[in-house]
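Engineer: For the sequence shown, the residue numbers in our numbering are 151 to 273.
Before anything else, here's the structure in question.
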Amino acid sequence: MKKKIIILLTYLLIVTLLGACSSKISNDDKPIKAIFADAGWDSIRFHNAVAAYIGRVAYNIDGEDIPGTTPITYSGMISGDVDVYMEVWVDNLPTYYEDLKYGKFKELGINFDDNKQGFYVPR
Numbered sequence: 151m152k153k154k155i156i157i158l159l160t161y162l163l164i165v166t167l168l169g170a171c172s173s174k175i176s177n178d179d180k181p182i183k184a185i186f187a188d189a190g191w192d193s194i195r196f197h198n199a200v201a202a203y204i205g206r207v208a209y210n211i212d213g214e215d216i217p218g219t220t221p222i223t224y225s226g227m228i229s230g231d232v233d234v235y236m237e238v239w240v241d242n243l244p245t246y247y248e249d250l251k252y253g254k255f256k257e258l259g260i261n262f263d264d265n266k267q268g269f270y271v272p273r
């Protein structure tokens with residue numbers, strides 16, 4: 151009887167160790183892809199690069215930029231082709247506040263709160 155218990159415990163130990171050493175076969179290791187809007191400015195490219203780096207290192211998210219003008223990339227965000235828009239001049243988008251109100255996207259924060267948009271001509 152004692153021999154059977156030892157054999158059973160040994161068998162359970164081996165199965166447990168082999169199970170712990172086996173490779174994990176799962177899609178959990180596959181990175182998630184996030185599409186960033188690239189409207190062509192240096193500042194948005196910088197913010198996209200920082201966010202993509204954080205996503206890749208901390209959250210296993212691969213970032214990919216999709217280039218285009220402001221109206222085109224914004225339309226891509228509304229249609230779901232763009233996941234992240236790091237910087238946009240909202241005054242250039244007539245439907246921005248209505249789209250925000252109806253939940254077509256979420257505004258998570260403001261990058262620059264001390265800027266004004268306009269035409270500036272040197273003297």
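Ideal Cβ positions, reconstructed from N, Cα and C, are used throughout, including at glycine.
The structure displayed is predicted, hence computed values, not measured ones.
For the ligand ADP, is there any heavy atom lying closer than 6 Å to the beta carbon of M227?
Structural biologist: For the ligand ADP, the structure offers nothing, since it holds no ligand at all.
Engineer: What three-state label does DSSP hand E257 in the structure shown?
Structural biologist: Coil, per DSSP.
Engineer: In three-state DSSP terms, what is F196?
Structural biologist: Correct three-state label for F196: helix.
Engineer: Could you give the distance in angstroms between the alpha-carbon of D264 and the alpha-carbon of S193?
Structural biologist: Their backbone Cα atoms lie some 15 Å apart in a straight line.
Engineer: Below 7 Å between beta carbons: does that hold for F255 and M227?
Structural biologist: Yes, these two residues count as a Cβ contact at 7 Å.
Engineer: Determine the extent of the beta strand (DSSP E) in which K251 is found, giving its start and end residues.
Structural biologist: First-last for K251: Y246 to K251, but that is the alpha helix (DSSP H), not the beta strand (DSSP E).
Engineer: Count the other C-beta atoms from every protein chain shown that fall within 10 angstroms of the C-beta of L159, then say buried if there are 16 or more, exposed otherwise.
Structural biologist: Low confidence applies to L159: its pLDDT is 45, below 50, so where it sits in the model is not reliable, and the reading given next is rough at best. Exposed, by the Cβ-count rule.
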